[in-house]
Every structure is written in C-alpha cells, then in structure tokens.
Amino acid sequence: MDLCVKGWREEMKKIILLKKLNEYNLLKDCISQLLLLYREYQDPSASESLKKERRKKVIRFMESTQGAGVSDIFPRTITSEYADESNTGIVDMITLTKITQERSKESTSTTKERRKSFSSTDTDDSATSHAKQKQSERLTQLYLQIQVLIVGNKSASSFYFSLHQKSPDGKLVQITENFVIYVTKQSAPCNTLDGDQNPELFDRLKVLFADIPSSSYDNLYLVTKVFTYSSLSAQEKKSEEFKCQRGYGASILNIGEKISDLQQHPSVQINLTIFIPKESEDFLNMPEKLLAGAVFEQAPNSTGIPLQLSLISQELSEVQAKYPNVPVCHFLRLQTVKPGMSMHNLFVVIKGGELSHATLLQAKNNIMIRVKVLDNSGNELKGYLSPGSSIFPQKLDVIETDVQMHENSPIMDWMFSVSVPADKLISTHLKFEIINVKSGKGYDLLSFAYLSLTSAIGLPIEDKDYQLDCYKPLKNETGASYLKEKLT
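Numbering of the sequence shown is given in numbering that gives the first Met the number 0, commencing with residue 0 and proceeding in unit increments.
This is the structure we're talking about:
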C-alpha cells in the first residue's frame, strides 16, 4: 500500500504543476478511498475472517487502479496530457478509456507481486539487529515520514506534530518542539499559511525527532493537532478579510505500544485518525481525553494521515547524513550537548489568560494573542520567531495563536520559539497583544502585556511559569514607554 500511495503522490505533483484541478481531485479521492479501506482492515475489533475479506478489498482496489503504475489511471492524449472535454472528443475519449482498461489487465503479474509484499512480514537482517541491541540507556532517532495530508475540512490548514509524555497526574506534557506543515484547501503542501501550493514539498513531509532516551519509550506519545485557517465569516467572500487559525481536530499515537514493532522492522506503517471536538472548548484537551478513552467523532471526509515511523539507533549526525535536508525537532531540554553545538532558542508556551475589566466582559470575545519581539526603544525586531521546525524553514516577525471563540477566559497551549542573538538579548522583550477578532474584516486590540528576556542583572530569564499583567492599549505610544511608566 505504501508503494501505491507514494506513486499517487508523485502523480499529484505532476498534475498540480499542469494545473489540472479535476484530475488532482480525482486522484485525491482515490487516495482517500484506499486509506478508508485500509483503516477498516486495521480495525482491531474485526474478526480474522472479516480482516481477510477487507484485505482482499484493499488489494482489489490497488489492482483496479494500477497501484504504483498510477500514470495509467486516467486516459492520456498522444502528447501525454490528461484527456478531458477540453482537448479530446467523445469518440477519442472512449477509445483512450478502452486502451487504459487493457493496460490494467496486463498489470496482473505486477499486482500479484504487490499482493505478496502486502501480506508478508519484513525479515530484513538490519531490522532484527534492533532487537539484539543492549537494553542499556541510549539515544535514538525517531524518523517520521508523512505520505499525504487529507482531512476534508475544505480550507487551508496547519498541522502540528510533537512528542509528549504523561505526567503522574495524567496530564500530557510536550517535550519536543513542533513540526509544522501548512497545506492549501486542496490538501497540497505550501510554504506559508494561505500560500500557494508548492509541489516540491510533497517529497519533504519528513522529520527527525532527535536523541530520544530509550528509558522514555514506555511513556512517549505523538500528538497531532490540526488548525483551519480562514476568516470568521460564514461565507468568506473577500481576500482582504482577516484570517486566523482555529482548532479543528487532533490525534494521539502511543509510541510505546509500537516500540516492539519499531525495534524489529525498519519501518512501521501507521494511519492516524483525526477526531474533532464536540464543542470548541473541548479542542485543547482532546489528546488527553482520547488517551483516557473518551469518544469523539472522526473528522468527516477524512481518511486519516498515513505515515511511516522508523526508530534508528545511530548518532544524529549519522542519520542526518543519510537523510539530508530533513528537519530536526529537538527536545525542549536537550538530552545531550555535543561539541560545536550552538542553540539560542527560548521556548515559550502561552497557557491562556482572563479578561476581568467590566467593559470587556459586556460581550463574549473571540480571543487571539499576537506576539512580537521589540527592543527596549520600541523597535520591532524582524525574523526572530518560529512556530517550530518546518519543511519550509522560516523565521517570522509575528506569532499568532489560534482563536478562542466566545471566550473571555481563554485556555491555550501555544508553543513557539524565540531566537535572539546573545548580544541583543539584554535589550529585548516580547510584547503580547490580546486581540478580539471580528467576524469578517478587522479586529480590536483589547490589552497588552510584555516580558523582558533577561533578568535585572542581565542573565536570561529563568525557566519557570510567568503570570503577566495586562494593560490598556496606550494612545500614541512611542518608544516602548510602557517599560518606564506606571500602567493600569
């Protein structure tokens, strides 16, 4: 199945470059149907006889669509273009379709080989060597490759992947930075939120979670959060409407339950199911609730996220040489510091806030927090912020959280990093703008807060929780006067 999906993904890249949207959507539907069949096959509650029948359905579907020979799914003209009503008459279309069906019959021998591959167990020598390694503490690399991202929400989206551990009180604690992917409303990867599709990124949906201690395997979870990116209007009509991120769905995978398979095989195929909250306020704690057994509805029109996991017992530098240009997500607290390593990252998590001013409480607000980096003279410093590691690395001028709808006491869990050069750190602070997003165009600045990045004696601030006071917006503010004045 993996070979089949990879073939289709390559074809999607070609189709989107030709701007053949109809063919692109047809191919996306094929992938969705295959993943749906495969998800049914993986259902642990199914009986053995039912699993066998469902496996046959998966195989028959791959055979009928040519599997990795996906270029023959759709009829083509003599110039290799996809045949449609714009370039092919009805008689020629019928002829081309018959030719395509004949090619399908000729592929029987090839699909038998794929059937054998699908049903067999991988016994590669390099895989069995994993099980024979010593059980002493060691650092390993978790390699994650995503095949496609189709969740069916029909809007531009962002995907955040990260590793978590469960604390003694049952709370999930994020232990790595985020791996972030943006996609268009057609589910094609793009460089930025609301950007145009970039077919080159289809081959770069990969990440390394670096230097994972073997002692943490039993308490390790892959958390996926999906956010939509659109205006708050019921119908988005104008491109200039203010757009924002909103929580859409989430998934959680218990890595510990897959460790045995990961140690015995070079890679393990997983299909993440995306669930959606019953109410918007349920979104934040969805992974914890899913882990506790809570039942949520599966995202409509979504067939899940197919991915491959590999656990590699090699030094990070060796793995990076094997997988060049693959983004790396480090632990928030590094497990090891190697000679020559230099990192100037401050990780910040916005946990939420509470509006208490009587004027602000007259109505429920749609709260978003915008973060900027400023020097102590009030000048914005550009390019020092990042939402996490990404397939298209970028440093941002501004970070914006997701919007908490109709909420005056928003609870968030929004992580980002700040990378300010050491020589500028002492004169730098973060400014947090609390915004009420209006439906359609525009927003109101409700209040703001700030946090200096160094202590009174010039050292980087401590690793601890901070509760910041929020102030009224200042009229005609100049030169970060709030750093010196007494505010209300």
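Just so you know, even glycine gets a beta-carbon here, dropped at the ideal spot from N, CA and C.
None of these values were measured; they are calculated from a predicted model.
As the crow flies, the alpha-carbon of Ile-304 is around 22 Å from that of Tyr-322. A buried status is given to Asp-401, since no fewer than 16 other beta-carbon atoms sit within 10 Å of its beta-carbon. Annotated as distal: Val-419 and Tyr-465, with beta-carbon spacing of 8 Å or more. A contact between stretches requires three or more CB pairs, one per stretch, nearer than 8 Å, and the stretch 292-301 meets this requirement with the stretch 144-159.
With respect to the 8 Å criterion, Ile-398 and Val-436 are not classified as neighbours on the basis of their beta carbons. Counting along the chain, Asp-42 sits inside no beta strand (DSSP E), nor does DSSP assign it H or E at all. The count of Cβ pairs closer than 8 Å, one atom from the stretch 441-461 and one from the stretch 416-433, reaches three, so the stretches are in contact. Per DSSP, the continuous beta strand (DSSP E) segment holding Pro-212 begins and ends at 205-212.
Secondary structure at Asp-374: strand, using DSSP grouped into helix, strand and coil. For Ser-316, the closest of Phe-415, Asp-374 and Phe-208 by C-alpha to C-alpha distance is Phe-208.
In the DSSP assignment, Cys-189 is bridged to Tyr-181 and Gln-196.
Boundaries for Asp-422: no beta strand (DSSP E) harbours it, while the alpha helix (DSSP H) harbouring it runs 421-424, taken from the DSSP string. Relative to the Cα of Val-372, the nearest Cα in the group Lys-430, Ile-366 and Glu-9 belongs to Lys-430. Nearest to Glu-406 by alpha-carbon distance, out of Glu-353, Ile-258 and Asp-396, is Glu-353. The DSSP-derived three-state label of Lys-165 is strand.
Rounded to whole angstroms, the Cβ separation of Phe-346 and Glu-176 is 7 Å, and the two are in contact under 8 Å. Burial state of Ser-438 is exposed, judged by a 10 Å Cβ sphere holding fewer than 16 other Cβ atoms. Counted as a single uninterrupted DSSP element, the alpha helix (DSSP H) harbouring Met-285 occupies residues 285-290. Here Tyr-220 really is in contact with Leu-171; their C-beta atoms are around 7 Å apart, less than 8 Å. Beta-carbon to beta-carbon, Leu-34 and Asn-270 are separated by about 6 Å, close enough to satisfy the 8 Å threshold.
In the three-state scheme derived from DSSP, where H, G and I count as helix and E and B as strand, Gln-262 is classed as helix. Val-57 has its alpha-carbon roughly 43 Å from the corresponding atom of Lys-394.
Under the 10 Å beta carbon count, Ser-230 is surrounded by 16 or more other beta carbons and is classified as buried. Per DSSP, the beta-bridge partners of Glu-399 are Arg-369. A direct Cα-to-Cα measurement between Leu-261 and Ile-273 gives close to 22 Å. Leaving aside the five residues that flank Glu-461 on each side, the residues in its chain whose CB is nearer than 8 Å to its CB run, in chain order, Ser-454. Out of Val-147, Glu-10 and Ser-161, the CA that lies nearest to the CA of Phe-415 is found in Ser-161. Nearest neighbour of Leu-290 by Cα position, chosen from Lys-51, Val-327, Val-222 and Gln-263, turns out to be Val-222. Bridge pairing for Glu-432: Arg-369 and Phe-447 [DSSP]. Contact check for Phe-201 against Pro-188 passes: the beta carbons are separated by less than 8 Å. Partner residues in a beta bridge of Ala-320, as assigned by DSSP, do not exist.
Annotation: the continuous beta strand (DSSP E) that includes Ser-309 extends over 304-311. The C-alpha of Arg-245 is placed about 16 Å away from the C-alpha of Lys-350. Membership of Ser-480 in any beta strand (DSSP E) is not indicated, and neither H nor E is assigned to it by DSSP. About 7 Å separates the beta carbons of Ile-366 and Ile-433, which is inside the 8 Å limit, making them a contact pair. Take Lys-12, set aside five residues on each side of it, and the residues of its chain with a beta-carbon closer than 7 Å to its own are Pro-198 and Phe-201, in chain order.
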